[in-house]
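Engineer: Sending over a structure as structure tokens; questions will come in a sec.
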DNA sequence: TTTTTTTACGAAAACGTTTGCGGCGAGGCA
DNA sequence: TGCCTCGCCGCAAACGTTTTCGTAAAAAAA
């Protein structure tokens, strides 16, 4: 089962030229005559010659591919972001290798090492919920592997970062609930170790405080695996629902968390928003057909993916070591729908 | 910005051995003494030696990577399927390179050629909605590139195929609507050229006929880009809704089509299922929180991805040319929810 | 004409592996 | 002692490129 393509050597033999001449002709070198160039190019086109990218990679020490590590591809936010990555990468002739950590620290390490040994030219990373230590990535970065973080970033590695304005998104979501008249707003969020968790938590707290309310720690629940394990979300939700002074609204901080919470509330026959209101962070394209339609903070996932890829390729192709890194913050959008409407 | 790792050559130099001895020791060859092997292995481990996969690819003519072509990763069915692909591939130490055709014939061709020139060892393909001719894939397959089709397959290329039992899925969905008392059931489906379209259409028709009803061609609408372009879906839906003898139920044949249809009905203020019932093909994990919760045919996406990958790797690693190909058909599951309940 | 420059090409090394083959020393056998 | 076998290892070619350098012949300058 061998798959053989035409090589430079074949062209050289066919045209009675040397390998190096053909190579140079193909790359348009000035030291080859117009006539020879034309001959080579014509022959190459006619025989559908495609340079072997593996040989090129070996020779050039670059593979023209970038690795992506996300927790989960089966998630609206990340699939949209990857869409963005893919579009930019393709346009600049890079391949994309996608891997999933599934919120596991172990798998994140394995993936990063595997990708680097596969000689990707750079990495686009969104950290797993379990990750507390980023040494595995710091090591690779120190060795010269360019990387860009997006969404779930870390302060410990100095490189480009792309995030949504999580603070503002959360602030506005919470303020919206407050404006609707809700007073006890629970916050169900992801693992404490994630940057997005902290940022969104701060936005939530600030909105409460600006409204003269004191954030109640009992109303803040951390879900270890970001909603991937339904049982965890269920426990967090039950905990706040069983409180004596039950909250009148919930603000969920991630995609999976939001849909799961809505689903659970429905199973418990708790009416949204009459008995409890809900605002979530989600990029689901179906949020408008949920029951009730879900008010949500939408992140510019596609743009984030594109921007991260742009920055990464910039890093990869930069002649001299880059020392000035940027942290791009893109605005979110609050889509107000029924799940947050006050019912009188 | 160079990223340099330790090579066989470094090990050889350090231990005063030849390159070939080191290589053989690392691969556990019998012609190397136990002692030397141990030395080499120990040194390699101590210095975190990782063979350069690019050099190995070049030498061995295999890249240990497989390419995937789907229309759209941002789609529940496909992201789940890719999940399956990734899990099996990873386990067998293959890389996965994912590309999207976005339902474009051109992009499908470009992707397949790009992947084959990237020397993937095999391809997992689900055809685009625009694709009518599969010569580009047939050519690659004839040249010896193993491939497995899933979901949207073709009869024109003889290789392994993995599909859901679309006929039965559609049959049961339609029968369910009939049992609920609906009589005029519209069918909104994808491009005529897709295998899934035909199979689901046949199931739909058969159920009607078995119930003594004659399928009405006017009730069957084909949407060219499988729901990717909302306007097309909107037109198809409007067409059936504006009929004098308006249908009392709709059966949508794909993921995006189903969510879009529900969304559109809602925007038109048409109550589901009171004014019109709906059953869809979808793998959305949120179908239970839709308004109304959506009765749907669920495909075993994960298993399909896993199976396709198993078969592909089998093909890739087979010593002798495979001539007997299988077509695996996995059962779907009908999840009955509110959108198909008869309201009296 | 002779010398210098330019043009156009080829030889060969290199990227990091794998692998067939040949060699060398030691031990076994006659 | 001579021959064969066998265990262990190194040499070198190969995978398909890119790139440096060398070198003919042709063109320009003297």
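Protein chains in written order, with my numbering: chain L, 1 to 344; chain P, 345 to 688.
The beta-carbon is built from N, C-alpha and C at its ideal position, and this holds for glycine as well.
1) Which residues of the region 59–77 of chain L have a Cβ closer than 7 Å to any Cβ of chain P? Give them in chain order.
2) To the nearest angstrom, how far is the alpha carbon of residue 2 of chain L from that of residue 489 of chain P?
3) Nearest CA to the CA of residue 649 of chain P: which residue from P/674, P/631, P/639, P/634?
4) Kindly provide the ranges of any alpha helix (DSSP H) runs that are 4 or more residues long and lie completely inside the region 33–91 of chain L, ordered along the chain.
5) CA-CA distance, residue 567 of chain P and residue 478 of chain P?
6) Answer yes or no: do residue 645 of chain P and residue 538 of chain P have a C-beta to C-beta separation smaller than 8 Å?
7) If you run the structure through DSSP and keep just helix, strand and coil, what is residue 269 of chain L?
8) Of all the residues that make up the region 632–647 of chain P, which are near chain L by a beta-carbon distance shorter than 8 Å?
9) With H, G and I counted as helix, E and B as strand and the rest as coil, what does DSSP make of residue 304 of chain L?
10) Short of 6 Å in beta carbon distance, which residues of its chain neighbour residue 99 of chain L, apart from the five on each side in sequence? Order them along the chain.
11) Starting from residue 492 of chain P, follow its DSSP beta bridges and name the residues at the other end.
12) Could you tell me which residues DSSP puts in a beta bridge with residue 505 of chain P?
13) Report buried or exposed for residue 671 of chain P, applying the criterion of at least 16 other Cβ atoms within 10 angstroms of its Cβ.
14) So, for residue 202 of chain L: in the same chain, excluding its five sequence neighbours on each side, which residues have a beta-carbon less than 6 Å away from its beta-carbon?
15) Decide if residue 377 of chain P is buried, meaning its Cβ has at least 16 other Cβ atoms within 10 Å, or exposed.
16) Specify the secondary structure class of residue 447 of chain P as computed by DSSP and reduced to three states.
17) So is residue 257 of chain L in contact with chain P if we call contact Cβ pairs under 8 Å?
18) Going by CA-CA distance only, name the one from L/15, L/17, L/52, L/26 that's closest to residue 7 of chain L.
19) With DSSP collapsed to three states, give me the class of residue 237 of chain L.
20) Is residue 155 of chain L buried or exposed, if buried means 16 or more other CB atoms sit within 10 Å of its CB?
21) Quick one: Cα of residue 643 of chain P to Cα of residue 507 of chain P, how far?
22) Report all residues from its chain with a CB closer than 6 Å to the CB of residue 81 of chain L; omit the five preceding and five following residues, and keep chain order.
23) Is the CB of residue 345 of chain P under 8 Å away from at least one CB in chain L?
24) Please name the residue or residues paired with residue 17 of chain L in a DSSP beta bridge.
25) At a Cβ threshold of 8 Å, is residue 343 of chain L touching chain P?
26) State yes or no: is the C-beta of residue 651 of chain P within less than 8 Å of the C-beta of residue 466 of chain P?
27) Restricting to Cα atoms, I'd like to know which of P/390, P/592, P/404 is closest to residue 524 of chain P.
28) Could you tell me the distance, in whole angstroms, from the CA atom of residue 422 of chain P to the CA atom of residue 452 of chain P?
29) Using the Cβ count rule (16 or more neighbours within 10 Å means buried), how would you classify residue 684 of chain P?
Structural biologist: According to the structure shown:
1) Cβ contacts with chain P come from 61, 63, 73, 74.
2) Here residue 2 of chain L refers to the residue found at position 2 when the first chain is read from its first residue. Here residue 489 of chain P refers to the residue found at position 145 when the second chain is read from its first residue. Only weak support exists for where residue 2 of chain L lies, its pLDDT of 43 falling under 50; the value from the coordinates is given anyway. Annotation: residue 2 of chain L to residue 489 of chain P spans about 8 Å, alpha carbon to alpha carbon.
3) Along the second chain, one-based indexing puts residue 649 of chain P at 305. That would be P/674, whose Cα lies nearest to the Cα of residue 649 of chain P.
4) With a minimum length of 4 residues, the unbroken runs of alpha helix (DSSP H) contained wholly in the region 33–91 of chain L fall at 34–46, 53–60, 76–91.
5) As a working mapping, residue 567 of chain P is identified with position 223 in the second chain. As a working mapping, residue 478 of chain P is identified with position 134 in the second chain. One C-alpha to the other measures close to 20 Å.
6) Within the second chain, numbered from 1, the residue matching residue 645 of chain P stands at position 301. Within the second chain, numbered from 1, the residue matching residue 538 of chain P stands at position 194. No, Cβ-Cβ distance for residue 645 of chain P and residue 538 of chain P is not below 8 Å.
7) Position 269 of the first chain, counted from the first residue, corresponds to residue 269 of chain L. Correct three-state label for residue 269 of chain L: coil.
8) Within the region 632–647 of chain P, those residues whose Cβ lies closer than 8 Å to any Cβ of chain L are, in chain order, 632, 633, 634, 635, 636, 637.
9) Mapped onto the first chain, residue 304 of chain L falls at position 304. In the structure shown, residue 304 of chain L sits in a helix (DSSP, three-state: H, G or I).
10) Numbered from 1 along the first chain, position 99 holds the residue referred to as residue 99 of chain L. Spatial neighbours of residue 99 of chain L in its own chain (CB-CB distance under 6 Å, excluding positions within 5 residues in sequence) are listed in chain order as 69, 111.
11) Here residue 492 of chain P corresponds to residue number 148 of the second chain, with the count starting at 1. In DSSP, residue 492 of chain P forms a bridge with P/468.
12) Start at 1 with the first residue of the second chain, and residue 505 of chain P comes out as number 161. Note: residue 505 of chain P sits in a beta bridge opposite P/493, P/671.
13) Position 327 of the second chain, counted from the start, is the residue given in the question as residue 671 of chain P. That one is exposed.
14) Within the first chain, numbered from 1, the residue matching residue 202 of chain L stands at position 202. Within the same chain, Cβ atoms closer than 6 Å to the Cβ of residue 202 of chain L are found at 167, the five residues on either side in sequence being excluded.
15) Indexing the second chain from 1 puts residue 377 of chain P at position 33. Residue 377 of chain P should be labelled exposed.
16) Position 103 of the second chain holds residue 447 of chain P. For residue 447 of chain P, the three-state secondary structure derived from DSSP is coil.
17) Taking the first residue of the first chain as position 1, residue 257 of chain L is located at position 257. Not closer than 8 Å to any Cβ of chain P, the Cβ of residue 257 of chain L fails to qualify, so no.
18) Looking up residue 7 of chain L in the first chain gives position 7. In this structure, L/52 is the residue among L/15, L/17, L/52, L/26 with its C-alpha nearest to the C-alpha of residue 7 of chain L.
19) Position 237 of the first chain, counted from the start, is the residue given in the question as residue 237 of chain L. In the structure shown, residue 237 of chain L sits in a helix (DSSP, three-state: H, G or I).
20) Sequence index remark: in the first chain, residue 155 of chain L carries index 155 (1-based). Result: exposed.
21) As a working note, residue 643 of chain P is residue 299 in the second chain. As a working note, residue 507 of chain P is residue 163 in the second chain. Distance between residue 643 of chain P and residue 507 of chain P, taken at the CA atoms: about 9 Å.
22) Sequence index remark: in the first chain, residue 81 of chain L carries index 81 (1-based). Listed in chain order, the non-local C-beta contacts of residue 81 of chain L below 6 Å within the same chain comprise 301, 304, 305, local neighbours out to five positions each way being set aside.
23) Here residue 345 of chain P corresponds to residue number 1 of the second chain, with the count starting at 1. Confidence at residue 345 of chain P is low in this model, with a pLDDT of 38, below 50, so the placement of that residue should be treated as unreliable; the coordinate-derived value is given next. Interface residue, yes.
24) Against the first chain, residue 17 of chain L aligns to sequence position 17. Beta-bridge pairing links residue 17 of chain L to no other residue.
25) Your numbering for residue 343 of chain L matches position 343 in the first chain. Not closer than 8 Å to any Cβ of chain P, the Cβ of residue 343 of chain L fails to qualify, so no.
26) By one-based count along the second chain, residue 651 of chain P stands at place 307. By one-based count along the second chain, residue 466 of chain P stands at place 122. With respect to residue 466 of chain P, residue 651 of chain P sits apart: the two C-beta atoms are not nearer than 8 Å.
27) Taking the first residue of the second chain as 1, we reach residue 524 of chain P at position 180. Looking at the Cα atoms, P/592 is the closest of the given residues.
28) Locating residue 422 of chain P in the second chain gives position 78, counting from the first residue. Locating residue 452 of chain P in the second chain gives position 108, counting from the first residue. Cα to Cα, residue 422 of chain P sits roughly 16 Å from residue 452 of chain P.
29) In the second chain, counting from the first residue as 1, residue 684 of chain P sits at position 340. Around the C-beta of residue 684 of chain P, 16 or more other C-beta atoms lie within 10 Å, and the residue is accordingly described as buried.
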